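Single-structure report; data block below.
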Amino acid sequence: MADLGLLVDSIEERSGALSTLGYRVRFDLTDGGGILLDATGGTVALSIAEEGEADAVMRLSSDNLLKLVEGRLSPMMAFSTGRLKVQGSQGVALKLAGLLDQ
(Lines of atoms letter the chains of each structure in order from A; the text may use other names.)
(Lines give C-alpha, C1' and ligand atoms only; values in the text may rest on other atoms or scores of the structure.)
Protein backbone atom coordinates (compact mmCIF):
# COMPACT_ATOMS: atom_id res chain seq x y z
CA MET A 405 0.00 0.00 0.00
CA ALA A 406 1.44 3.33 -1.10
CA ASP A 407 1.52 6.18 1.43
CA LEU A 408 -0.97 9.03 0.80
CA GLY A 409 1.80 11.61 1.20
CA LEU A 410 3.89 9.87 -1.45
CA LEU A 411 0.88 9.76 -3.79
CA VAL A 412 0.19 13.47 -3.33
CA ASP A 413 3.88 14.29 -3.97
CA SER A 414 3.89 12.14 -7.12
CA ILE A 415 0.76 13.83 -8.46
CA GLU A 416 2.19 17.29 -7.66
CA GLU A 417 5.24 16.43 -9.78
CA ARG A 418 2.85 16.07 -12.75
CA SER A 419 0.93 19.27 -11.94
CA GLY A 420 2.27 21.08 -15.01
CA ALA A 421 0.46 18.71 -17.37
CA LEU A 422 -2.53 18.19 -15.09
CA SER A 423 -3.23 21.95 -14.80
CA THR A 424 -4.88 21.85 -18.23
CA LEU A 425 -7.47 19.29 -17.09
CA GLY A 426 -10.06 21.89 -16.06
CA TYR A 427 -12.07 19.54 -13.81
CA ARG A 428 -12.18 18.01 -10.35
CA VAL A 429 -11.31 14.32 -9.97
CA ARG A 430 -11.48 12.27 -6.79
CA PHE A 431 -9.39 9.15 -6.38
CA ASP A 432 -11.12 6.74 -3.99
CA LEU A 433 -8.50 4.29 -2.84
CA THR A 434 -9.71 0.73 -2.26
CA ASP A 435 -7.16 0.23 0.49
CA GLY A 436 -8.29 3.32 2.43
CA GLY A 437 -8.31 7.07 1.95
CA GLY A 438 -8.81 9.33 -0.99
CA ILE A 439 -7.31 12.25 -2.88
CA LEU A 440 -9.18 15.15 -4.47
CA LEU A 441 -7.51 16.77 -7.47
CA ASP A 442 -8.92 20.19 -8.37
CA ALA A 443 -7.62 21.52 -11.67
CA THR A 444 -10.44 23.96 -12.39
CA GLY A 445 -8.54 27.24 -12.12
CA GLY A 446 -5.54 26.55 -14.35
CA THR A 447 -3.64 25.26 -11.34
CA VAL A 448 -3.67 21.96 -9.46
CA ALA A 449 -4.84 21.81 -5.85
CA LEU A 450 -4.62 18.49 -4.04
CA SER A 451 -6.20 17.47 -0.77
CA ILE A 452 -6.60 14.24 1.12
CA ALA A 453 -10.34 13.69 1.07
CA GLU A 454 -12.62 10.68 0.96
CA GLU A 455 -15.59 12.86 0.01
CA GLY A 456 -16.11 15.94 -2.06
CA GLU A 457 -17.82 17.00 -5.25
CA ALA A 458 -16.00 15.81 -8.35
CA ASP A 459 -16.67 15.55 -12.07
CA ALA A 460 -15.25 12.03 -12.09
CA VAL A 461 -14.44 9.52 -9.36
CA MET A 462 -11.76 6.93 -9.98
CA ARG A 463 -11.67 3.90 -7.73
CA LEU A 464 -8.41 1.96 -7.54
CA SER A 465 -5.72 0.80 -5.13
CA SER A 466 -3.05 3.20 -3.91
CA ASP A 467 -0.35 1.04 -5.54
CA ASN A 468 -2.11 1.23 -8.92
CA LEU A 469 -2.57 5.00 -8.58
CA LEU A 470 1.16 5.38 -7.95
CA LYS A 471 1.91 3.23 -11.01
CA LEU A 472 -0.48 5.37 -13.12
CA VAL A 473 1.08 8.63 -12.02
CA GLU A 474 4.62 7.34 -12.54
CA GLY A 475 3.75 6.02 -16.01
CA ARG A 476 4.29 2.35 -15.12
CA LEU A 477 0.62 1.46 -15.75
CA SER A 478 -1.44 2.61 -18.72
CA PRO A 479 -4.79 4.15 -17.71
CA MET A 480 -6.53 2.25 -20.50
CA MET A 481 -4.94 -1.04 -19.41
CA ALA A 482 -5.96 -0.41 -15.80
CA PHE A 483 -9.54 0.29 -16.86
CA SER A 484 -9.82 -2.66 -19.24
CA THR A 485 -8.43 -5.11 -16.66
CA GLY A 486 -10.73 -3.87 -13.89
CA ARG A 487 -7.99 -2.30 -11.74
CA LEU A 488 -9.58 1.12 -12.30
CA LYS A 489 -13.29 1.87 -12.08
CA VAL A 490 -14.76 5.22 -13.14
CA GLN A 491 -17.91 6.94 -11.90
CA GLY A 492 -19.21 10.19 -13.32
CA SER A 493 -17.90 11.76 -16.51
CA GLN A 494 -16.12 9.28 -18.77
CA GLY A 495 -14.89 12.24 -20.84
CA VAL A 496 -13.05 13.73 -17.86
CA ALA A 497 -11.53 10.32 -17.14
CA LEU A 498 -10.34 10.03 -20.74
CA LYS A 499 -8.85 13.54 -20.66
CA LEU A 500 -7.01 12.70 -17.43
CA ALA A 501 -5.78 9.44 -18.99
CA GLY A 502 -4.35 11.40 -21.92
CA LEU A 503 -2.55 13.81 -19.59
CA LEU A 504 -1.10 10.93 -17.54
CA ASP A 505 0.17 9.26 -20.71
CA GLN A 506 2.24 12.35 -21.65
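My numbering puts the first residue of the sequence shown at 405, with every later residue one more than the last.
We put the CB at the ideal spot given by N, CA and C, even for glycine.
Here the structure is a predicted model, which means the values were calculated and not measured.
Query                                                                        : Result
Where Ser423 falls: helix, strand or coil (DSSP)                             : coil
Ala449 to Leu441 span [Cα, whole Å]                                          : 6 Å
Three-state class that DSSP yields for Met481 in the structure shown         : helix
For Ala501, the first and last residue of its enclosing alpha helix (DSSP H) : Gln494 to Leu504
Alpha-carbon spacing of Ser484 relative to Asp413, whole angstroms           : 27 Å
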